[in-house]
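Q: The structure's right below; bear with me while I get my questions together.
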Amino acid sequence: MAAADGLRSHRNAEEIPAVGPPSFFDKRIPDTAFSLCIMAGAHHFDCVVLGGGSGGIAFARRAASYGAKVALVEYRRLGGTCVNVGCVPKKIMWCAANAFESLHGLKHLGVDFNEPPRFNWERLVENRENYISRLNKIYETNLEKSQVQRFYGWASLLPKVEAKEEHVIVVNETKQDSEAGVPPTSRLTAKHVLVATDSDGFFALKSQPKRVGVIGAGYIAVELCGVLQGLGTETHLFTRYARALRKFDKMIQNENHKNMQRMGVQLHPNSTPCAVRGSPGSLHLDLAGGESHGPFDCLINAIGRTPETEHMGLEALGVEMTHGKYIVSDEFQNTNVPGLFALGDCCGKVELTPMAIAAGRRLADRLYGQMPNAKADYDFVPSVVFAHPPIASVGLTEEEAIQQHGEDDIQSEQGRILGLHLVGLGADEILQGFAVAIKMGARKCDLDRCVAIHPTAAEEIVTLPPWGL
Numbered sequence: 001m002a003a004a005d006g007l008r009s010h011r012n013a014e015e016i017p018a019v020g021p022p023s024f025f026d027k028r029i030p031d032t033a034f035s036l037c038i039m040a041g042a043h044h045f046d047c048v049v050l051g052g053g054s055g056g057i058a059f060a061r062r063a064a065s066y067g068a069k070v071a072l073v074e075y076r077r078l079g080g081t082c083v084n085v086g087c088v089p090k091k092i093m094w095c096a097a098n099a100f101e102s103l104h105g106l107k108h109l110g111v112d113f114n115e116p117p118r119f120n121w122e123r124l125v126e127n128r129e130n131y132i133s134r135l136n137k138i139y140e141t142n143l144e145k146s147q148v149q150r151f152y153g154w155a156s157l158l159p160k161v162e163a164k165e166e167h168v169i170v171v172n173e174t175k176q177d178s179e180a181g182v183p184p185t186s187r188l189t190a191k192h193v194l195v196a197t198d199s200d201g202f203f204a205l206k207s208q209p210k211r212v213g214v215i216g217a218g219y220i221a222v223e224l225c226g227v228l229q230g231l232g233t234e235t236h237l238f239t240r241y242a243r244a245l246r247k248f249d250k251m252i253q254n255e256n257h258k259n260m261q262r263m264g265v266q267l268h269p270n271s272t273p274c275a276v277r278g279s280p281g282s283l284h285l286d287l288a289g290g291e292s293h294g295p296f297d298c299l300i301n302a303i304g305r306t307p308e309t310e311h312m313g314l315e316a317l318g319v320e321m322t323h324g325k326y327i328v329s330d331e332f333q334n335t336n337v338p339g340l341f342a343l344g345d346c347c348g349k350v351e352l353t354p355m356a357i358a359a360g361r362r363l364a365d366r367l368y369g370q371m372p373n374a375k376a377d378y379d380f381v382p383s384v385v386f387a388h389p390p391i392a393s394v395g396l397t398e399e400e401a402i403q404q405h406g407e408d409d410i411q412s413e414q415g416r417i418l419g420l421h422l423v424g425l426g427a428d429e430i431l432q433g434f435a436v437a438i439k440m441g442a443r444k445c446d447l448d449r450c451v452a453i454h455p456t457a458a459e460e461i462v463t464l465p466p467w468g469l
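And the structure:
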């Protein structure tokens, strides 16, 4: 079974030069990665998971709990994007920026400082990396407890050259053999294979830049701008369109635009970058039309990512993929190749860690837990943008609701809530409970019947007009 979770790299990286700090993960594949001449051993498993990200690990441990013999192949640290260069380090940076930003308002509460508070970027990075290392070790320990065999290396699938049901996976292991002095290569066979890996980010910055340009209009670009500006870095955001977060509700887009302006991010809408000049520490960004901005200490390219699904032998197996290299899978995570499954970011459906975990567990339930109809539910998935303040969203945007149901039908007090979108302090924590209610089919009148907790921000949701009809 092969499923892909998070192997992702920057899209169109050749169009915007990769300027700035080195990648957090070295994605270079060893020269011997696909060599078949050295065979250190042959192993057979019920399932091989390619990639130690959130979805891959969730699947591996769940499958092993049912008694399946499972192997997991990962070239880098366990945890994938979320633990190493995504959710976890991002939230730590966001918490630091949020705390530092809140200090400016304490004087209104009667709190005085003898001297202005200072921020130590290096200390934050050191503590952040120590915390991530502890999480990596926890993942290692949990795999051992679950009796999942870990292979350190890069794996690729071989075409089925014999009339067998098993897939053949070649793993170039990165741990050196003490006697031979070369990485051993293992040949694995399995009826099922699963693929899951990671992406990189701005987390390689070891010292705080004074002036940064961020290119992109998605949630990652917005979050990075908030962190950098909140910690005192002069931050510029370049977007090709008038507003960032174009996939979100129009209200969200407009409120976020005002909030970014309020915190001091310098916005450059309707900008198309075409060239980068200079050297690290003194970079200039040229835009279409002749306009130029700089100098910047660092330019962060956040224009999007595509799956790192190349060099795995998927094409040779005839795996159906989109033009963007996403693996096509159905509602049960099946690809068009029997015994090969895909889940997580590489499918391009809902690129969120909890979604990958849910999909991994449900797939294991179906394959090994005697639950033939088990599958992940991709409807009404809540998400949060850790902007300043946070943005929380679940369900359809207003534009999507009108398109699907018509403007008149989405105004009924007796009808099911189709979407909920929040901007403000605490929105990230408020949404989870309401997401459960909406998933269960809550109506606007159900919210009206709930007595508010006062004074809170959450009470606004159960007192929205028209109220009590």
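Each step along the sequence shown adds one to the number in full-length UniProt numbering, with nothing skipped, and position 153 is 153.
The C-beta atom is built at its ideal place from N, Cα and C for all residues, glycine as well.
(1) In terms of alpha-carbon separation, which member of Arg-150, Leu-103, Ala-96, Leu-106 lies closest to Leu-78?
(2) Determine the DSSP secondary structure at Thr-32, reduced to helix, strand or coil.
(3) Comparing C-alpha positions only, which one of Ala-457, Gln-414, Gly-360, Gly-424 sits nearest to Ser-54?
(4) Identify, in the order they occur along the chain, each residue of the same chain with its Cβ nearer than 7 Å to the Cβ of Lys-90, setting aside the five sequence neighbours on each side.
(5) Can you give me the C-alpha to C-alpha distance between Tyr-241 and Ile-303, rounded to a whole angstrom?
(6) Could you tell me the distance, in whole angstroms, from the CA atom of Lys-258 to the CA atom of Gly-290?
(7) Distance, Cα to Cα, Gly-419 vs Pro-116?
(8) For His-454, which three-state DSSP category applies?
(9) Less than 8 Å separating the beta-carbons of Gln-229 and Val-276?
(10) Using 8 Å as the Cβ pair cut-off and three pairs as the minimum, do the stretch 321-329 and the stretch 360-369 touch?
(11) Run through DSSP, which three-state label would Phe-59 get?
(12) So is Gly-395 buried or exposed if we call it buried at 16+ other beta carbons inside 10 Å?
(13) Starting from the C-beta of Val-19, find all residues in its chain whose C-beta is less than 7 Å away, skip the five residues before and the five after it, and write them out in chain order.
(14) Note down the Cα distance separating Asp-354 from Asn-114, rounded to an integer number of angstroms.
(15) By the three-class DSSP mapping on this structure, what secondary structure does Pro-273 have?
(16) What three-state label does DSSP hand Tyr-75 in the structure shown?
(17) Are the beta-carbon atoms of Val-337 and Leu-352 separated by less than 8 Å?
(18) Only counting the same chain, and skipping five residues up and downstream in sequence, which positions put a Cβ closer than 7 Å to that of residue 470?
(19) Under 8 Å: do the stretch 340-349 and the stretch 49-65 share three or more Cβ pairs, one atom per stretch?
(20) Counting along the chain, where does the beta strand (DSSP E) carrying Ala-155 start and finish?
(21) Suppose the cutoff is 7 Å on Cβ atoms and the five residues either side in sequence are ignored; what does the same chain contact list for Ala-401 look like?
(22) With a cut-off of 8 Å on the beta carbons, I'd call Thr-306 and Pro-269 a contact; round off their distance for me.
(23) Hey, would you say Cys-445 sits closer than 8 Å to Gln-414, going by beta carbons?
(24) With a threshold of 16 other CB atoms inside 10 Å of the CB of Pro-455, please say whether the residue is buried or exposed.
(25) Identify whether Leu-109 lies in helix, strand or coil by the three-state DSSP scheme.
(26) Tell me Cys-298's beta-bridge partners as DSSP assigns them.
(27) Using the Cβ count rule (16 or more neighbours within 10 Å means buried), how would you classify Tyr-219?
(28) Can you tell me the Cα-Cα spacing of residue 470 and Asp-408, whole angstroms?
A: Concretely, from the data shown:
(1) Arg-150
(2) Residue placement at Thr-32 cannot be trusted, given a pLDDT of 27 that sits under 50; what the coordinates show is reported in the next sentence. Coil at Thr-32, not helix or strand.
(3) Gly-360
(4) Glu-223, Phe-386
(5) 12 Å
(6) 27 Å
(7) 43 Å
(8) coil
(9) no
(10) no
(11) helix
(12) buried
(13) Summary for Val-19: the model assigns pLDDT 34, below 50, so the residue's position carries little reliability; its value from the coordinates is reported in the next sentence. Here the set comprises Val-276, Pro-280, Leu-283, Leu-299.
(14) As written in the sequence, residue 354 is Pro, which differs from the Asp given in the question. C-alpha separation (whole angstroms): 44 Å.
(15) strand
(16) coil
(17) no
(18) Shown here, the chain extends from 1 to 469; a query on residue 470 therefore has no answer.
(19) yes
(20) 149-158
(21) Ile-410, Leu-418, Gly-419
(22) Contact doesn't hold; Cβ gap of about 25 Å is too wide.
(23) yes
(24) exposed
(25) helix
(26) Val-212
(27) buried
(28) Because the chain is modelled from 1 through 469, residue 470 falls outside the range shown and cannot be assessed.
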